[in-house]
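Q: After the structure tokens below, expect a handful of questions from me.
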Amino acid sequence: MSRSSDDNHGSSDARARRRSLLDRLTQALLGEPATRDELLHVLREAADRDLIDRESLDMIEGVLQVSEMKVREIMVPRSQMEVVDKNLTPEAYLPMVIESGHSRFPVVDGDKDKVIGILLAKELLRYFQLDKRSRAQFKLLETLRPAVFVPESKRLNVLLRDFKANRNHMAIVVDEYGGVAGLVTIEDVLEQIVGEIADEYDIDEDTMIMPRDNGDYVVKALTPIGEFNERLGARLSDAEVDTVGGIVMTTLGRLPRRGDRVTLNDLQFEVLRADSRRVHLLKVSRVS
Numbered sequence: 001m002s003r004s005s006d007d008n009h010g011s012s013d014a015r016a017r018r019r020s021l022l023d024r025l026t027q028a029l030l031g032e033p034a035t036r037d038e039l040l041h042v043l044r045e046a047a048d049r050d051l052i053d054r055e056s057l058d059m060i061e062g063v064l065q066v067s068e069m070k071v072r073e074i075m076v077p078r079s080q081m082e083v084v085d086k087n088l089t090p091e092a093y094l095p096m097v098i099e100s101g102h103s104r105f106p107v108v109d110g111d112k113d114k115v116i117g118i119l120l121a122k123e124l125l126r127y128f129q130l131d132k133r134s135r136a137q138f139k140l141l142e143t144l145r146p147a148v149f150v151p152e153s154k155r156l157n158v159l160l161r162d163f164k165a166n167r168n169h170m171a172i173v174v175d176e177y178g179g180v181a182g183l184v185t186i187e188d189v190l191e192q193i194v195g196e197i198a199d200e201y202d203i204d205e206d207t208m209i210m211p212r213d214n215g216d217y218v219v220k221a222l223t224p225i226g227e228f229n230e231r232l233g234a235r236l237s238d239a240e241v242d243t244v245g246g247i248v249m250t251t252l253g254r255l256p257r258r259g260d261r262v263t264l265n266d267l268q269f270e271v272l273r274a275d276s277r278r279v280h281l282l283k284v285s286r287v288s
């Protein structure tokens, strides 16, 4: 048999194997696989044979995982909830809003069991653009969005569908007795599907400041200003905020977005990673 015939025979075998696997994959997806494990086995085999890429496999596995998980497994617990008390003035809770970097805050009447609505941070930023007379007429309750309450036992796939249908981004989680147990956001659910995004700027969990070969620094937004100043010989003020992310947000006057840049003294800060709730990672370069 000629070399060409051998090659053709090999190609035919490969195509046959791919068709066979594709048939099994199609049957698993369109038919009724006997078990979830059987479906995952077919999908993983497809990834091994490059019929689907690894990122797609990870996402499919995330979707399947979400359908089995409940809100209580991913919620921000009550003790870690950052809330706005309606009885305080905006000046009193502004530092917390800036420092946290969140875009939405539960508003409470005295304690966390009395959630009366959701405040968008951008509404608070508008308040500080008003003159003194207009501020005196500002009514916090008129700016609130209705709070959505969900039980701890709600499945994440159902919650995600509700978020999409109702165009909500945050829900307050309640326990079986009706008390507030925590909160959950649409970002928390989506992270279970897509996972943490790794890139060239990833740094170890215990590292706050990472120097790069080109002289830049990758800095976590939660880095205390004192530690940052000591490490880089900088002179940033910590009079109003405690972290590097907080001072970037204060300078911008809004929630930072990826790609935003600000210059402070002889340093330029670029937002590398941020979501709708907070800034996570910054690149710091010296300005010549």
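For what it's worth, the UniProt record's numbering labels the leading residue of the sequence shown as 1, then goes sequentially. We put the CB at the ideal spot given by N, CA and C, even for glycine.
(1) In three-state terms, what does DSSP make of Lys112?
(2) Are the beta-carbon atoms belonging to Leu124 and Pro90 less than 8 Å from one another?
(3) May I ask you to report which of helix, strand or coil DSSP gives Pro90?
(4) Spell out a yes or no on whether the region 85-105 and the region 227-238 are touching, meaning 3 or more CB-CB pairs, one atom from each, closer than 8 Å.
(5) Please give the ranges of any alpha helix (DSSP H) in the region 51-91, keeping only runs that are unbroken, at least 4 residues long and fully inside the region.
(6) DSSP puts Leu209 in a beta bridge; with which residues?
(7) Within the continuous alpha helix (DSSP H) that includes Ala165, where are the two ends?
(8) Under 8 Å between the Cβ atoms of Leu281 and Ala221?
(9) Here's the rule: buried if 16 or more other CB atoms are within 10 angstroms of the residue's CB, otherwise exposed. What is Ala136?
(10) Measuring only between beta-carbons, confirm whether Leu252 sits less than 8 Å from chain D.
(11) Below 8 Å between beta carbons: does that hold for Leu40 and Glu55?
(12) Using CA coordinates, which residue listed in Thr263, Gly179, Asn166, Leu64 is at the minimum distance from Thr35?
(13) Do the CB positions of Glu240 and Pro95 come within less than 8 Å of each other?
(14) Take Ala171 as the anchor and find which of Asp48, Arg78, Ser134, Glu45 has the nearest alpha-carbon.
(15) My assumption, with CB atoms under 8 Å, is that Arg286 sits in contact with Gly215. Please give the rounded CB distance.
(16) Between the alpha carbons of Gln268 and Met208, how many angstroms are there, rounded?
(17) Using the rule of at least 16 other Cβ atoms within 10 Å of the residue's Cβ for burial, across every protein chain shown, is Phe149 buried or exposed?
(18) Does Arg44 come out as helix, strand or coil in the three-state DSSP assignment?
(19) How close, in whole Å, do the beta carbons of Thr243 and Ile225 come, if the pair is a contact with beta carbons under 8 Å?
(20) Secondary structure at Ala136, three-state DSSP: helix, strand or coil?
(21) What residue range is occupied by the uninterrupted alpha helix (DSSP H) comprising Glu227?
(22) Along the chain, where does the alpha helix (DSSP H) containing Ala147 start, and where does it finish?
(23) Would you mind stating whether Ala121 and Ser103 have Cβ atoms separated by less than 8 Å?
(24) Can Arg278 and Gly117 be called in contact, C-beta distance under 8 Å?
(25) Closest to Pro106 by C-alpha separation, out of Gly259, Gly182, Tyr177, Arg254, would be which residue?
(26) Here's the rule I'm using: 16 or more other beta-carbon atoms within 10 Å means buried, otherwise exposed. How should Thr263 be labelled?
(27) Put Pro151 into one of helix, strand or coil per three-state DSSP.
(28) In chain order, what residues of the same chain have a beta carbon less than 7 Å from the beta carbon of Asp113, not counting five sequence neighbours either side?
(29) Buried or exposed: where does Phe128 fall if 16 or more other Cβ atoms within 10 Å of its Cβ makes it buried?
(30) Using CA atoms only, rank isn't needed, just tell me which of Thr143, Val189, Phe163 is closest to Ser67.
A: In brief:
(1) By one-based count along the sequence shown, residue 112 stands at place 112. Residue state, collapsed to three classes: strand.
(2) Your numbering for residue 124 matches position 124 in the sequence shown. Your numbering for residue 90 matches position 90 in the sequence shown. Yes, Cβ-Cβ distance for Leu124 and Pro90 is below 8 Å.
(3) As a first step, residue 90 must be located in the sequence shown, where it is residue number 90. If DSSP states are grouped into helix, strand and coil, Pro90 belongs with the helices.
(4) no
(5) 54-66
(6) As a first step, residue 209 is located in the sequence shown; it is residue number 209 there, counting from the start. A small correction: the amino acid at residue 209 is Ile; Leu does not occupy that position in the sequence shown. For Ile209, which the question treats as bridged, DSSP gives the partners Val219.
(7) As a first step, residue 165 is located in the sequence shown; it is residue number 165 there, counting from the start. Taken as a continuous stretch (DSSP letters only), the alpha helix (DSSP H) holding Ala165 covers 156-166.
(8) Numbered from its first residue, the sequence shown carries residue 281 at position 281. Numbered from its first residue, the sequence shown carries residue 221 at position 221. Result yes, Cβ atoms of Leu281 and Ala221 sit closer than 8 Å.
(9) Within the sequence shown, residue 136 is the residue found at index 136, counting from 1. Its Cβ having fewer than 16 others within 10 Å, Ala136 is exposed.
(10) Among the chains in the structure shown there is no chain D, since it carries only a single protein chain.
(11) Within the sequence shown, numbered from 1, the residue matching residue 40 stands at position 40. Within the sequence shown, numbered from 1, the residue matching residue 55 stands at position 55. It is not a contact, given that the beta carbons lie outside the stated cut-off.
(12) For this step, residue 35 is matched to residue 35 along the sequence shown. With distances taken between Cα atoms, Thr35 lies closest to Leu64.
(13) On the sequence shown, position 240 is the one that residue 240 refers to. On the sequence shown, position 95 is the one that residue 95 refers to. In this structure, Pro95 lies closer than 8 Å to Glu240 by Cβ.
(14) In the sequence shown, counting from the first residue as 1, residue 171 sits at position 171. The shortest Cα separation from Ala171 among Asp48, Arg78, Ser134, Glu45 belongs to Arg78.
(15) As a position in the sequence shown, residue 286 is number 286, starting the count at 1. As a position in the sequence shown, residue 215 is number 215, starting the count at 1. Contact holds; Cβ gap of about 7 Å.
(16) Translated into positions along the sequence shown, residue 268 becomes position 268. Translated into positions along the sequence shown, residue 208 becomes position 208. Cα to Cα, the separation comes out at about 17 Å.
(17) As a position in the sequence shown, residue 149 is number 149, starting the count at 1. Exposed: under 16 other Cβ atoms inside 10 Å.
(18) The residue you call residue 44 lines up with position 44 of the sequence shown. Correct three-state label for Arg44: helix.
(19) If you number the sequence shown from 1, residue 243 lands on position 243. If you number the sequence shown from 1, residue 225 lands on position 225. Contact holds; Cβ gap of about 6 Å.
(20) As a first step, residue 136 must be located in the sequence shown, where it is residue number 136. Helix, per DSSP.
(21) Numbered from 1 along the sequence shown, position 227 holds the residue referred to as residue 227. That run of the alpha helix (DSSP H) goes 225-232.
(22) In the sequence shown, the residue the question calls residue 147 occupies position 147. Per DSSP, Ala147 belongs to no alpha helix (DSSP H) and is neither H nor E.
(23) Translated into positions along the sequence shown, residue 121 becomes position 121. Translated into positions along the sequence shown, residue 103 becomes position 103. Yes, they are a contact pair.
(24) Counting from one through the sequence shown, the residue named residue 278 turns up at place 278. Counting from one through the sequence shown, the residue named residue 117 turns up at place 117. No, the pair does not count as a contact, with Cβ atoms beyond the cut-off.
(25) Position 106 of the sequence shown, counted from the start, is the residue given in the question as residue 106. If we check each option's Cα against that of Pro106, Gly182 comes out closest.
(26) Sequence index remark: in the sequence shown, residue 263 carries index 263 (1-based). Exposed, by the Cβ-count rule.
(27) Within the sequence shown, residue 151 is the residue found at index 151, counting from 1. Reduced to three states, the DSSP call for Pro151 is strand.
(28) By 1-based counting over the sequence shown, the position of residue 113 is 113. Cβ neighbours of Asp113 beyond the five flanking positions: Gly179, Val180.
(29) Residue numbering aside, residue 128 sits at position 128 when the sequence shown is read from its first letter. So Phe128 ends up on the exposed side.
(30) Residue numbering aside, residue 67 sits at position 67 when the sequence shown is read from its first letter. For the residues Thr143, Val189, Phe163, the minimum Cα distance to Ser67 belongs to Val189.
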